Amino acid sequence: TSPEIKKAFQTFGEAVSNSHGGNKYVNNTAFGKAANPMFAKPQGCLLHHQASFITDFFKNEGGAKDGDFDFFPFPDINPEHAGSVTGAGDLVGMFNDTPQARSLIQYLLTPEAQEIWVKRGGFISGNKNVAVASYPDATSKKSAEILQAAKNFRFDASDQFPGAMNDAFFKAIVAFVADQGKLDSILSGLDKTQADAYKE
992 TSPEIKKAFQ TFGEAVSNSH GGNKYVNNTA FGKAANPMFA KPQGCLLHHQ ASFITDFFKN
1052 EGGAKDGDFD FFPFPDINPE HAGSVTGAGD LVGMFNDTPQ ARSLIQYLLT PEAQEIWVKR
1112 GGFISGNKNV AVASYPDATS KKSAEILQAA KNFRFDASDQ FPGAMNDAFF KAIVAFVADQ
1172 GKLDSILSGL DKTQADAYKE
């Protein structure tokens, strides 16, 4: 129920209120199919918000081809945080602390190792020394440029929640999209879940 969280929900609510098909469409459409109207004839919508991985869904679910789509960063909401990027990330863990394991992890952090991954597609490196030219297509190159130029990078909080909090958060989003008038009770419910989830 903090003012910052409430404001975030309200701002999200403004964006989702203007979505193709309204709140029922938003809540009843699998995320991988949500952009399909962009590629229908006639087009059912012109814009779609999702992470960089969605381009495979554009092709496999929507029938899009390279060149049928482009993207731009979500507009800054607060000038104080202009140029910020939110995303996910992969972590490497070591189960047996050996010189060989440490050496492998050190290697995986290098631009050379990261370039092997980015050339395959479907991966944007957090290493600013990975050459943008290493990416296999225009969309991933542009994604890499935006990430490398970001003033701030923040991990998506929902990816870091404990299981119970993550589950409650996604249910809260669905409930909020269905009825934004219930925001206060939705946030109170999240506060209760948070109090228990972070005891673990």
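First residue of the sequence shown? That's 992 in this note's numbering, and the numbers climb one at a time after it.
Ideal Cβ placement from N, Cα and C applies to all residues, glycine included.
All figures in this text were calculated on a predicted structure; none of them were measured in a lab.
List, from N- to C-terminal side, the alpha helix (DSSP H) runs of 4 residues or more that fit wholly inside the region 1085-1136.
1090-1099, 1102-1111
Q: Compute the distance between the beta-carbons of Lys1110 and Pro1127, then report whether it is under 8 Å.
A: As a first step, residue 1110 is located in the sequence shown; it is residue number 119 there, counting from the start. As a first step, residue 1127 is located in the sequence shown; it is residue number 136 there, counting from the start. Cβ atoms of Lys1110 and Pro1127: closer than 8 Å.
| query | What are the start and end residues of the alpha helix (DSSP H) that includes Phe1060? | reply | Translated into the one-based positions of the sequence shown, residue 1060 becomes position 69. Unbroken run through Phe1060: none, as it is neither H nor E.
| task | In angstroms with no decimal places, state the Cα-to-Cα distance between Ser1075 and Val1123. | result | Working through the sequence shown from its first residue, we reach residue 1075 at position 84. Working through the sequence shown from its first residue, we reach residue 1123 at position 132. Their Cα atoms are separated by approximately 19 Å.
(message) Once DSSP output is grouped into helix, strand and coil, what is the label at Ser993?
(response) Along the sequence shown, read from residue 1 onward, the residue named residue 993 stands at position 2. DSSP places Ser993 in coil when its eight states are reduced to three.
Q. Hey, out of Tyr1098, Leu1181, Thr1046, whose CA is closest to Val1083's CA?
A. The residue labelled residue 1083 in the question sits at position 92 within the sequence shown. The candidate whose alpha carbon is nearest that of Val1083 is Tyr1098.
(Q) Can you tell me whether Phe1063 is buried or exposed? The criterion is at least 16 other CB atoms within 10 Å of its CB, across all chains shown. (A) The residue labelled residue 1063 in the question sits at position 72 within the sequence shown. Exposed: under 16 other Cβ atoms inside 10 Å.
Distance check for Ala1092 and Ala1166, CA to CA, integer angstroms please.
Here residue 1166 refers to the residue found at position 175 when the sequence shown is read from its first residue. Here residue 1092 refers to the residue found at position 101 when the sequence shown is read from its first residue. Near 45 Å, if we compare the C-alpha coordinates of Ala1092 and Ala1166.
- By how many angstroms is the C-alpha of His1039 removed from the C-alpha of Gly1112? Looking up residue 1112 in the sequence shown gives position 121. Looking up residue 1039 in the sequence shown gives position 48. Looking at the two C-alpha atoms, the distance is approximately 21 Å.
Would you report the Cα separation of Ala1186 and Lys1173, rounded to the nearest angstrom? Against the sequence shown, residue 1186 aligns to sequence position 195. Against the sequence shown, residue 1173 aligns to sequence position 182. Going from the Cα of Ala1186 to the Cα of Lys1173 covers about 20 Å.
### Cα-Cα separation between Asp1147 and Ala1031, rounded to whole angstroms
As a working note, residue 1147 is residue 156 in the sequence shown. As a working note, residue 1031 is residue 40 in the sequence shown. Linking Asp1147 to Ala1031 through their CA atoms gives a straight-line distance of about 31 Å.
Any idea if Asn1019 is buried or exposed, counting beta-carbon neighbours within 10 angstroms, 16 or more meaning buried? Within the sequence shown, numbered from 1, the residue matching residue 1019 stands at position 28. The residue is exposed, with fewer than 16 neighbouring Cβ atoms inside 10 Å.
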